[in-house]
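Novice:
In UniProt numbering, the protein residues as written are 1 to 393.
1) Determine, using beta carbons only, whether residue 32 comes closer than 7 Å to chain C.
2) Should residue 270 be listed as close to the ligand NAP, given that the test is whether its C-beta is under 6 Å from any heavy atom?
3) Run through DSSP, which three-state label would residue 372 get?
4) On the CB-based measure, 16 or more other CB atoms within 10 Å of its CB, does residue 36 come out buried or exposed?
5) Are the region 174 to 181 and the region 113 to 130 touching, with three or more C-beta to C-beta distances below 8 Å?
6) Less than 7 Å separating the beta-carbons of residue 211 and residue 245?
7) Using three-state DSSP, classify residue 159 as helix, strand or coil.
8) Taking only runs that begin and end inside the region 139 to 199, name each unbroken beta strand (DSSP E) of 3 or more residues, in chain order.
9) First and last residue of the beta strand (DSSP E) that includes residue 262?
10) Does the beta-carbon of residue 14 have 16 or more other beta-carbons within 10 angstroms, so that it is buried, or is it exposed?
11) Distance check for residue 217 and residue 49, CA to CA, integer angstroms please.
12) Output needed for residue 40: all residues of its chain with C-beta closer than 6 Å, excluding positions within five of it in sequence on either side, in chain order.
13) Which of the three DSSP states is assigned to residue 32 in this structure?
14) Excluding sequence positions up to five away, which residues of its chain have a Cβ less than 8 Å from the Cβ of residue 320?
15) Kindly identify the DSSP beta-bridge partner or partners of residue 62.
16) Determine the burial state of residue 238: buried for a count of at least 16 other Cβ atoms within 10 Å of its Cβ, exposed for fewer.
17) Could you check what DSSP says for residue 395 in three-state terms: helix, strand or coil?
18) Which one or two residues does DSSP pair with residue 22 in a beta bridge?
19) Out of curiosity, what's the CA-to-CA distance linking residue 403 and residue 101?
20) Our contact map puts residue 169 next to residue 310 with C-beta atoms below 8 Å; I'd like the distance itself, whole angstroms only.
21) Nearest-angstrom Cα distance between residue 205 and residue 191?
22) From 193, 376, 335 and 65, pick the residue whose C-alpha is nearest to that of residue 304; which is it?
23) How big is the Cα-Cα spacing for residue 345 and residue 66?
24) Can you grab the Cα-Cα spacing for the pair residue 180 / residue 23, in whole Å?
25) Given residue 122, which residues of its chain have a CB within under 6 Å of its CB, disregarding the five upstream and five downstream residues?
26) From what residue to what residue does the beta strand (DSSP E) around residue 280 run?
27) I need the straight-line Cα distance from residue 207 to residue 90, nearest angstrom please.
28) Within the same chain, show all residues whose beta-carbon is closer than 6 Å to that of residue 57, passing over the 5 residues directly before and after it, in chain order.
29) Taking residue 412 as the reference, which of 295, 248, 365 and 374 has the closest Cα?
30) By Cβ distance below 6 Å, which residues in the same chain neighbour residue 148 in space, the five residues on each side in sequence not counted?
31) Any contact of the region 358 to 368 with the region 379 to 390, i.e. 3+ C-beta pairs under 8 Å?
32) With DSSP as the reference, label residue 133 as helix, strand or coil.
33) Rounded to the nearest angstrom, how far is the Cβ of residue 302 from that of residue 266, given a contact under 8 Å?
34) Give me the residue from 134, 202 and 82 with the minimum Cα distance to residue 315.
35) I'd like to confirm the pairing. Which residues does DSSP put opposite residue 104 in its beta bridges?
36) Within 10 angstroms of its Cβ, does residue 396 collect 16 or more other Cβ (buried), or is it exposed?
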């Protein structure tokens, strides 16, 4: 059994393209062209050149000596926090902007929660000289002010989403509305492995550079390509998809997906989709989704703006449903404590999203010779205000 997408755009029972008729031409144009275009040698060469010279790849696979000693196992951190713009998001926006240009699109739209994808999209639009509009929930605009300022400096227009919970889900709704109204010249850069096919597969492919590098780097450091465990936080799930990609069909590698439990899985203030979700359709994809008994989407909550999404990408829904990945829910408190702990143990201030992944070290027991790779998917600059307020720093 393969855990990758099939030719119809499904991961098991999840995925597909559930879209309004108005969007069909856009999505179909993308579906028919994305594999062909991204496989072209010129595309590959330009993509790899930009990842190397502009993004700063490969990112290091860092052996965390003090953490390894404390937890009596071998812990490596994939340093996506060192990417240009401060997170893994740039890997995907570089790929998609090259695709948009080849499709002749002149206007770029995006949605963002924590703001990292917005910054990454604004960055590549500045790089390529294209118009950029980023939709962001009003709540997220307030709690991620530094990223909003960065987007504006890069020349993007930031449009607030004022409906619903005024967070990521609502920003995505606004971006989809814009795309319906501007189908000809506009390309929608989705920031995670969500949305209608081919987006989940396309984003996972662009992010798969993460697991490709992990294999190469582990071979050098440990004499073997595969770790025993790969761990990543999951909201929509693009950093996780990239971390797992080249290990999906290798059953010896344990996949751990870490979700935001917020104030507790059963508190009513949570974003733990695997525990709380039921099958439904959101933003054009059939997946696991937090919803009420009558099918209304329930509002997610997490202290981290990047994890409070009510669904999860279809790849992850399938990994959960089949048991291929183990899903663990981590509370705000656990994640915030790990933000401080990682800072003081290894001199690395993590994004609050990434801090969730580290809390698994307190939830599981690893063997001394296990090789554990944790994706440090983003750095904590954007979250300093949240850390300051939380810890009264």
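For each residue, glycine too, the CB sits at the ideal point set by N, CA and C.
In this text the structure is predicted, and so the values were computed from the model without any measurement.
Specialist: Checking against the coordinates, here is how it stands:
1) Among the protein chains of the structure shown there is no chain C, as only one such chain exists.
2) Among the components modelled here there is no ligand, and therefore nothing to report on the ligand NAP.
3) For residue 372, the three-state secondary structure derived from DSSP is strand.
4) Answer is exposed; the Cβ neighbour count stays below 16.
5) Contact fails: fewer than three Cβ-Cβ distances are below 8 Å.
6) Contact flag set, yes.
7) Residue state, collapsed to three classes: strand.
8) Here the runs fully enclosed are 157 to 161 and 186 to 189.
9) Run containing residue 262: 254 to 262, per the beta strand (DSSP E) assignment.
10) Result: buried.
11) Spanning the two alpha carbons is a distance of roughly 19 Å.
12) Cβ-Cβ distances below 6 Å link residue 40 to nothing in the same chain once the five nearest sequence neighbours on each side are left out.
13) Correct three-state label for residue 32: helix.
14) Correct list, in chain order: 257, 274, 288, 312 and 327.
15) Partner(s): 77.
16) Counting Cβ neighbours within 10 Å, residue 238 comes out buried, since at least 16 surround it.
17) With the chain covering only 1 through 393, there is no way to say anything about residue 395.
18) Residue 22 is bridged by DSSP to nothing; it lacks a bridge partner.
19) Lying outside 1 to 393, the shown extent of the chain, residue 403 is not represented and no answer is given.
20) The beta carbons of residue 169 and residue 310 sit about 6 Å from each other, so the pair counts as a contact at 8 Å.
21) Rounded to the nearest angstrom, the two C-alpha atoms are 13 Å apart.
22) Checking every option, the nearest Cα to that of residue 304 belongs to 335.
23) Linking residue 345 to residue 66 through their CA atoms gives a straight-line distance of about 6 Å.
24) Per the coordinates, the alpha-carbon of residue 180 lies some 6 Å from the alpha-carbon of residue 23.
25) Here the set comprises 132, 151, 154 and 156.
26) Note, residue 280: beta strand (DSSP E), 278 to 282.
27) Roughly 9 Å between the two C-alpha positions.
28) Shown here for residue 57: same chain residues with a beta carbon closer than 6 Å to its own, the five before and five after excluded, namely 51 in chain order.
29) Because residue 412 is not part of the residues shown, which for the chain are 1 to 393, the question remains open.
30) Within the same chain, 141 and 158 come within 6 Å of residue 148 by CB-CB distance, once the 5 residues on both sides are set aside.
31) Inter-segment contact for the region 358 to 368 and the region 379 to 390 is absent: fewer than three beta-carbon pairs are separated by less than 8 Å.
32) In the structure shown, residue 133 sits in a strand (DSSP, three-state: E or B).
33) Incorrect: roughly 15 Å between the Cβ atoms, too far for contact.
34) The shortest CA-to-CA distance from residue 315 to any of 134, 202 and 82 is the one to 202.
35) Residue pairing for residue 104: DSSP places it in no beta bridge.
36) The chain is shown from 1 up to 393; residue 396 falls before or after that span and cannot be answered.
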